[in-house]
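Encoded as structure tokens, the structure appears first; notes follow it.
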Amino acid sequence: MNLTLRVWRQSGPSDKGRMVTYKVEDVSPDMSFLEMLDVLNEKLILEGDDPIAFDHDCREGICGMCGMVINGVAHGEQRATTTCQLHMRHFEDGAEITIEPWRAAPFPVVKDLVVDRSAFDRIIQAGGFVSVPAGSAPDAHSVPVRKEDADSAFDAATCIGCGACVAACPNGSASLFTAAKITHLSLLPQGQPERLSRAKAMVDQMDAEGFGGCTNTGECTAVCPKGIPLDTIAQMNSDYLKANAK
Amino acid sequence: MKYTEGPEIRDTKAPEGPIEERWEKRKFGAKLVNPANKRKLNVIVVGTGLAGGSAAATLGELGYNVKSFCYQDSPRRAHSIAAQGGINAAKNYRGDGDSIYRLFYDTVKGGDFRARESNVYRLAQVSVNIIDQAVAQGVPFAREYGGLLDTRSFGGAQVSRTFYARGQTGQQLLLGAYQALERQVAAGTVEMHTRHEMLDLIVSDGRARGVIVRDMVTGEIERHLADAVVLATGGYGNVFFLSTNAKGCNTTAIWRAHERGAYFANPCYTQIHPTCIPVSGEYQSKLTLMSESLRNDGRVWVPLRKNDERAPGDIPEDERDYYLERIYPSFGNLVPRDIASRAAKNVCDEGRGVGPGGLGVYLDFRDAINRLGRDAVEKKYGNLFEMYERITGENPYDVPMRIYPAVHYTMGGLWVDYDLQSTIPGLFVIGEANFSDHGANRLGASALMQGLADGYFVLPTTIGDYLANGPYGDVDEEAVAEAEIKVRNKIDRLLSVNGTRTPDSFHRELGKLMWDYCGMERTEESLRKALERIPELREEFWQNVKVSGTAEELNQVLEKAGRVADFFDLAELMCLDALVRTESCGGHFRAESQDADGEALRDDENFAHVSAWEHSTDGPVLHKEALEYEYVKMTQRSYK
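Chains A and B, in that order, give the protein sequences. Numbered by UniProt numbering, the letters in the first sequence go through residues 1 to 246 in order. Numbered by UniProt numbering, the letters in the second sequence go through residues 1 to 640 in order.
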């Protein structure tokens, strides 16, 4: 396959950035999207150009480090897929592909396609945990959990923190990410004591980071590589309201 | 490569006495640090996977002043997150005869009698607490309808002791540790440094006192000092270029600590995982593992005939060879990883492999789907099937998966004593970065167990004993400056070559060499060839590598080049270690040492020891630590 790429290049946070066009030849349909970029980068290095910086690590769809907007869609058009798991067989020979970083004020561009998502860590720091010191836990069987609850908690817990939800949201909201964590812990007995204070602290932190509000557009869940459902946001809002009513 | 032998290692600090009392004894013997003094003590933890994340969180909780470092943009990305299958624990919730002793026994045997009994027993003891801890953190393990935890069996074990969270156990356990860590960040006990890479260890007065790191965004070289340093930087399987490791996994932190005096133990012990998606082309950047839990229901087979080109569905039952079930009737498809991997290699070498290049075997769910129904299979393995389809474009519900062995986990690593302390006082090494608990082979679902055991329970006790003996005085300014200059020089040197080959092209070539000559099967001849070729290739690297950009910016080519440079040195030591160990054990298969059935043949008389290599400018020095088996009798492993 031969492709034309239009890639966002930005040398650093203070650079204005621009789109640059590259040709890539002999792309195999079995390549992942990132492997296709690897091939281009090898060429750029040898030609003395600066290769395109992008974040990636596990390349098996679970670490959440990779992420780019491909033809206007976070992680590309294939549903429930991370960029590293997107393969070139889904593109047509001769296609032109536009590649941009996540764009949201709380995710400043570090370089090219690399953005700073540390705001997510700070949302977790605000309360996305169960306070339990190591070595003090009771026997695991002492607190049974209904299978349905455990399964639903797991569904919410599969969030990989990639930030696609933010990138896709017209408001730049981090609601799906925050709601996934709040829902995960609020469905388990272990998460109950801190349930409301957690919801309040995490939502407030999300706002403080500058993420926008949720208007139920649903773009977030449409691009989520793990299919985190929109009703987690309802769960979050419900807990948040209860916390504020207290 | 020339090497010399140095004095034997005699004291590993494991307490004497009955094995079940040793850890209790050590804990009681460990000195305590007064709570008021803890916050004056600084500990650096490098790496934020299951071991590093849990250690930093626990040390912060205990009141120490912790600095944590990772090269990713968030500690939640560490590669522990990709572990799929599960975590073992001797809970005996099933009443199927499991016990701490049995987990200990299985692990020592599974490690082919090349792990330490005392360490492994402690691991089995602590495994029980890990599950409690994770559940209390809200890790959503699989549950039975009655609300209790579900378990499954896993390769190499006949009891059902593996706890799991669908096919994403590593992710959920890591998030548990990450959340505990972020809780400490919020509490101010842990200072987190993301996108920082450790490039040297600061040793002052013979003690580890800090690290030199590079801020990967600005390129700034920073010095961080502490009273003790903990390395939890994972394994070095990426020396093979293609492996199941994340792209960023590297050996730099432990290798540079090795150059500063930490012994490197059993570098040649490489675990080859039997169920990975086969390589599809030259451009490929990594291999993806399919959880071993698939072997619970999937049946492994190849055609009976050589070069059988028919589609799998067209091959009738009597022309299929379910070779694992045939050769190992009692364990069948659940034999340990080293056995399953070699068996796959053998049938492919016979010309009976399937798929492109004949490097693959079928993992077939037809019978499971007929027996349990498609829905039940989907419930159990749905996400894995989806992942397979995404990568290969084939639907495993309709055609069998194709799998082939791949480099997965390295059992070698920095040598540590029972306290997890390296040969440099004050340098502790935990998780996959150390060598201690898995011997020559790692059974499924045991790496998560070790990472968390070390981080939550073992290190927090033993490091306290070291810190209580302090304070260790001021850090020698010259030692810090020297380390910093060394790091800067290496970076300058990489940037100044300006040759014609990329770091990746060297890495790929080194990896191929390692796979061909020091891979699933090693021979004296292949290893000698590798030892000849590696220095030549390294020489070419330093003459001809091209690193673009500058040192003062985010420069992924520079990061890569530094790591590849260290892989060359490590690769050489791995081959030497493999050459010297003229026996086969677990993940180290020397073709010259096999029994009449082609199984790995150990040589307990000459090799029941740990090979701990000391770095020296005159060539490596080999120190042996004798392994003694008081409780599990050394026998030839058999899974037939």
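In this text, a Cβ means the ideal position worked out from N, Cα and C, and glycines have one as well.
Is residue i buried or exposed, if buried means 16 or more other CB atoms sit within 10 Å of its CB?
| i | result |
| --- | --- |
| E61 of chain B | buried |
| K640 of chain B | exposed |
| S238 of chain A | exposed |
| F129 of chain A | buried |
| M19 of chain A | exposed |
| F28 of chain B | exposed |
| N469 of chain B | exposed |
| N216 of chain A | exposed |
| Q192 of chain A | exposed |
| K546 of chain B | buried |
| G227 of chain A | exposed |
| I485 of chain B | exposed |
Quick check on this structure: which residue in the options has the alpha carbon closest to the alpha carbon of residue i?
| i | options | result |
| --- | --- | --- |
| M449 of chain B | B:N129, B:K512, B:S99 and B:E536 | B:N129 |
| A440 of chain B | B:S496, B:F607, B:L372 and B:I277 | B:F607 |
| G298 of chain B | B:E378, B:L513, B:D367 and B:R256 | B:D367 |
| V73 of chain A | A:A174, A:R146, A:Y22 and A:L86 | A:L86 |
| R89 of chain A | A:M1, A:E47 and A:G127 | A:M1 |
| P503 of chain B | B:A561, B:L513 and B:L181 | B:A561 |
| G248 of chain B | B:R538, B:G49, B:T635 and B:E8 | B:G49 |
| M411 of chain B | B:D112, B:E309, B:K67 and B:I424 | B:D112 |
| A578 of chain B | B:K529, B:N544 and B:V564 | B:K529 |
| R637 of chain B | B:H623, B:A626, B:A481 and B:D597 | B:D597 |
When you compare only the Cα positions, how much space is there between residue i and residue j?
| i | j | result |
| --- | --- | --- |
| R6 of chain A | H56 of chain A | 19 Å |
| G313 of chain B | L40 of chain A | 39 Å |
| L363 of chain B | M290 of chain B | 10 Å |
| V217 of chain B | S14 of chain A | 13 Å |
| T520 of chain B | F589 of chain B | Correcting the residue identity first, residue 520 of chain B is Met in this sequence and not Thr. Looking at the two C-alpha atoms, the distance is approximately 7 Å. |
| R501 of chain B | E532 of chain B | 21 Å |
| V213 of chain B | D200 of chain B | 7 Å |
| F331 of chain B | E325 of chain B | 8 Å |
| Y322 of chain B | F506 of chain B | 39 Å |
| L149 of chain B | P144 of chain A | 8 Å |
| V239 of chain B | H79 of chain B | 16 Å |
| N71 of chain A | M1 of chain B | 53 Å |
| P356 of chain B | S280 of chain B | 8 Å |
| R94 of chain B | N296 of chain B | 17 Å |
| F163 of chain B | H141 of chain A | 12 Å |
| V300 of chain B | T392 of chain B | 18 Å |
| G511 of chain B | I100 of chain B | 39 Å |
| A53 of chain A | N555 of chain B | 8 Å |
| Y388 of chain B | I277 of chain B | 8 Å |
I'd like the span of the alpha helix (DSSP H) that includes residue i, first residue to last.
| i | result |
| --- | --- |
| Q235 of chain A | D231 to A245 |
| residue 642 of chain B | Nothing about residue 642 of chain B can be read from this structure; chain B reaches only from 1 to 640. |
| Q125 of chain A | S118 to Q125 |
| A468 of chain B | L459 to A468 |
| D318 of chain B | Premise fails: D318 of chain B is in no alpha helix (DSSP H) and is neither H nor E. |
| V302 of chain B | V302 of chain B -> not in any alpha helix (DSSP H); beta strand (DSSP E) instead, spanning R299 to P303. |
| residue 649 of chain B | Outside the modelled stretch of chain B, which goes from 1 to 640, sits residue 649 of chain B, for which no answer is possible. |
| K67 of chain B | Here K67 of chain B belongs to no alpha helix (DSSP H); instead the beta strand (DSSP E) covers N65 to F69. |
Starting from residue i, trace the beta strand (DSSP E) both ways and give me its first and last residue.
| i | result |
| --- | --- |
| P405 of chain B | M401 to T410 |
| Q271 of chain B | T270 to C276 |
| N37 of chain B | Careful: N37 of chain B lies outside any beta strand (DSSP E), inside the alpha helix (DSSP H) at P35 to K38. |
| D618 of chain B | Taken as a continuous stretch (DSSP letters only), D618 of chain B belongs to no beta strand (DSSP E), as it is neither H nor E. |
| S204 of chain B | H196 to S204 |
| M192 of chain B | V190 to H193 |
| W102 of chain A | Neither: W102 of chain A is in no beta strand (DSSP E) and is coded neither H nor E. |
| T4 of chain A | L3 to R9 |
| S32 of chain A | First-last for S32 of chain A: undefined, no H or E at that position. |
| T21 of chain A | R18 to V24 |
| Y362 of chain B | V361 to D364 |
| N129 of chain B | Taken as a continuous stretch (DSSP letters only), N129 of chain B belongs to no beta strand (DSSP E), being part of the alpha helix (DSSP H) at E117 to Q137. |
| F154 of chain A | It is not in any beta strand (DSSP E) - F154 of chain A instead sits in the alpha helix (DSSP H) that spans K147 to A157. |
| F589 of chain B | Premise fails: F589 of chain B is in no beta strand (DSSP E) and is neither H nor E. |
| residue 249 of chain A | Because chain A here runs from 1 to 246, residue 249 of chain A falls outside it and cannot be looked at. |
Threshold first: 4 residues or longer. Then list the alpha helix (DSSP H) segments lying entirely within the stretch 208-241 of chain B, N to C.
The alpha helix (DSSP H) runs of length 4 or more contained entirely in the stretch 208-241 of chain B do not exist; there are none.
Pick out the complete alpha helix (DSSP H) segments inside the stretch 147-194 of chain B, 4 residues or longer, and give them in chain order.
With a minimum length of 4 residues, the continuous alpha helix (DSSP H) runs that stay inside the stretch 147-194 of chain B are 169-187.
Runs of alpha helix (DSSP H) wholly within the stretch 42-68 of chain A (minimum 4 residues, chain order):
Within the stretch 42-68 of chain A, no run of alpha helix (DSSP H) reaches 4 residues while sitting entirely inside it.
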